[in-house]
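If you use mature numbering (1 follows the signal peptide of the UniProt record, and there is no 0), the sequence shown corresponds to residues -22 to -1, 1 to 532, in order.
Input: a single structure, listed below in structure tokens.
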Amino acid sequence: MLAARKAVTVWLFLAFERILTAQTPLLSHTPPSSYPVENDLGQWDLHKAPAVNATGHLVFDTANSLLQHWANTRYRIGHTIVPGTVPVGTLLYHGASGPHIPTALDWVAVEPDHSIAFCKGSIETGCWHLTLAVTQPMKVLYFDGSSAANLLEGTMDTQDLVAWSKMKPEWVWNEKQRIKDLCKWGQKYGLDGFVRMEVNFEIMICDFTSHMEVVSFLNIESTRIGGGPPTDLPEDPTTVHYIFELVHSTSWRANYPGETRIILDFSGLVSFYDTALVPSLVPRRVGLERWDHRVGGISSEDVEHVRDRLDQVLTRSPVTTSGIDWKTVLRVVVDRYASRLDFMQHLLNMTLDDRSIFDHAQQIQRRLRTVLLPYTVFSALPPNTSVTANTTNVWAAPVFRECAISHTASIVTRGTTLMPSERLLLQAVRETTHEICRIATKMWASGMIIGVDPFYPPEQRPEADHIHALMGEWKEDLTRLISWLDWSAWVTCRPACDFEEMCYLPTWPYGFFPTPGEPHQVPRNSASLWPDPNKGEWKRPQPKCIRRREPYNF
């Protein structure tokens, strides 16, 4: 079978060469010299894992997760700052403390369910709720993570660096000073506000008299959400219902495409995972899990680097960008691989006996072949005689290469036209697809060598022990890849929640409530009402099903 295919390969090569000499292509192909590394097959080592301190996959995942509530609740400590725009016609909402419309600095929500929580008033008098419409595009700056969660554990670090050039944990609750100083800093850039996230997305507005008009200002019924100690779940079923619906509204923006009423400019993205921009944080992350990554510890020099980069981003001309839709570039990679890798891991976690192991391995090999099909060049075959080639799988390098560069090769040609942020995103996509394709090709090539590929059935079925060993290697490789990628698309309730439930991640501040009937979490200390965010589900939020009807539980 393999010998016949090799003969066909030679014939096709000669025929293709003749066709090329007789035709003029519509577009000239980029010469191989433009990609010296990509065309050096020696660089495509299937056994070379990423560097321990590599951050391309972290830049990739944070950029792909921007304005998505689920991912930014899971990893509360933000590492990204991005400019954006709130389009004309967007409705924004403000819960007032009285019958007076703000005229200067204040907050708005993108959902009325959120703003109503800040609508203060008694049952007898009701409260005042303001609806606004954007009349001119609003220039904003977005801080990712749970950047409106007033916690000492790093959620507000990036804002502190922008506002004050250093962290000020003693001002964690000093929101009036924070909005005042952020707006003062952003005035020279024409910034109209700052986007943050807690239980939902909000915008810190620098001037209520600009870029917005009043749609309505109504005296409505008070929900009384805002009253009482912050860690006590109200006893009134109606109030509890309003709180749940506020949490429920976050699920609308949980995953891609996220909050679409704010349009981000990815070409201006500034990341604290950018090791060239912020080298001082590299040693700070050594040996730490991602949950423990902090912006705290950044050097004063790197703070200035970040502020200088923001200055460049916010003062440049819009025509200098490449026009590449980076949000889609990132998402296409996730769409292509997320569900397939997830399902293969499911298959590899099954317990199998010797009788079914061969058919099961062939199922997985078919899926690997599907993942690599657009890149499986016809000449990529294991040699029959070379022990070294079969051990290292160098024959599969062309498949690895074509897979890894497929999403970025055309972007690489733009080179000098890319902004620094775009070059960072390009490198993030390249590093991420490189590792995905390395593992997928390594697994596929191993299946070819062992003899479980349905396209090339062996003369004799491999022994069950060999297949079990292969499956063990596959499982180890895939588990390591999925852990390294760490996409929030894989973090969900399993089994899926019932119709009367929703999948939920512990969310500040409402997730601090205990389940009714269960004891309160132990406070951090005698002077604090708050549970310790460094412990349990607050340190590493895990999805769980909660009820969508009374009695509610968080």
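In this text, a Cβ means the ideal position worked out from N, Cα and C, and glycines have one as well.
Check                                                                                                           : Outcome
Distance CB(Trp462)-CB(Glu413) smaller than 8 Å                                                                 : yes
Uninterrupted alpha helix (DSSP H) stretches inside the segment 60 to 109 (no shorter than 4 residues)          : 90 to 93
6 Å CB neighbourhood of Lys420 in its chain, flanking five on each side removed                                 : Leu24
Own chain, CB closer than 8 Å to Ala474, minus 5 neighbours either side, in chain order                         : Cys481
Stretch pair the segment 254 to 266 + the segment 116 to 123: three plus CB contacts closer than 8 Å            : no
Proximity below 8 Å, CB of Leu242 to CB of Leu45                                                                : yes
CA-to-CA distance, Leu259 to Gly275, given in whole angstroms                                                   : 7 Å
Cβ-based neighbour list, Val355, same chain, cut-off 6 Å, excluding 5 preceding and 5 following                 : Pro376
For Phe121, the first and last residue of its enclosing beta strand (DSSP E)                                    : Met116 to Phe121
Segment contact flag, the segment 59 to 72 with the segment 246 to 253, C-beta cutoff 8 Å, min 3 pairs          : yes
Length of the line joining the Cα atoms of Met182 and Phe195                                                    : 19 Å
Rounded C-alpha distance that separates Pro398 from Thr40                                                       : 17 Å
N-terminal and C-terminal residue of the beta strand (DSSP E) that residue 603 is part of                       : Absent from the structure is residue 603, since the part of the chain shown begins at -22 and ends at 532.
Option nearest His78 by Cα separation, candidates Cys97, Ser200 and Arg525                                      : Cys97
Cutoff 8 Å; reference Pro147; Cβ partners in own chain excluding five residues on either side                   : Leu130
Unbroken beta strand (DSSP E) run spanning Ile524, endpoints                                                    : Lys522 to Arg525
Helix, strand or coil at Met322 according to DSSP, with G and I counted as helix                                : helix
Ser357 - DSSP class collapsed to helix/strand/coil                                                              : coil
Anticipated Cβ contact below 8 Å, Asn197 with Ala87, distance rounded                                           : No, Asn197 and Ala87 are not in contact; Cβ-Cβ is about 18 Å, not under 8 Å.
Validate contact between the segment 447 to 461 and the segment 313 to 324 using beta carbons, cut 8 Å, 3 pairs : yes
Segments assigned beta strand (DSSP E), at least 3 residues, entirely inside the segment 383 to 466             : none
Cβ separation of Leu346 and Ala442, assumed to be a contact under 8 Å, to the nearest whole Å                   : No, Leu346 and Ala442 are not in contact; Cβ-Cβ is about 20 Å, not under 8 Å.
Cα-Cα separation, Thr136 to Gly56                                                                               : 7 Å
Beta-bridge pairing of Tyr482 - partner residues as DSSP gives them                                             : Lys522
Boundaries of the beta strand (DSSP E) in which Val264 is found, first to last residue                          : Run containing Val264: none; DSSP gives neither H nor E here.
Touching by the beta-carbon criterion (3+ pairs, under 8 Å), the segment 278 to 289 and the segment 150 to 162  : no
Between the CA atoms of Ser295 and Trp230 - distance to the nearest angstrom                                    : 34 Å
Identity of the residues DSSP links to Leu242 by a beta bridge                                                  : Gly62
Rounded separation between Trp304 and Ala423 - CA only                                                          : 32 Å
Nearest to Ser384 (by Cα), restricted to the options Pro360, Trp48, Gly393 and Thr410                           : Thr410
Opening and closing residue of the beta strand (DSSP E) in which Glu191 lies                                    : Met190 to Ile198
Spatially closest choice to Leu83 from Gly393, Pro529, Phe172 and Thr216, by CA coordinates                     : Phe172
Distance CB(Arg52)-CB(Leu483) smaller than 8 Å                                                                  : yes
Residues sharing a beta bridge with residue 557, DSSP                                                           : What is shown of the chain runs -22 to 532, which leaves residue 557 out entirely.
Beta-carbon spacing of Trp486, Glu176 below 8 Å                                                                 : yes
Asn42, enclosing alpha helix (DSSP H) - first and last residue                                                  : Gly34 to Asn42
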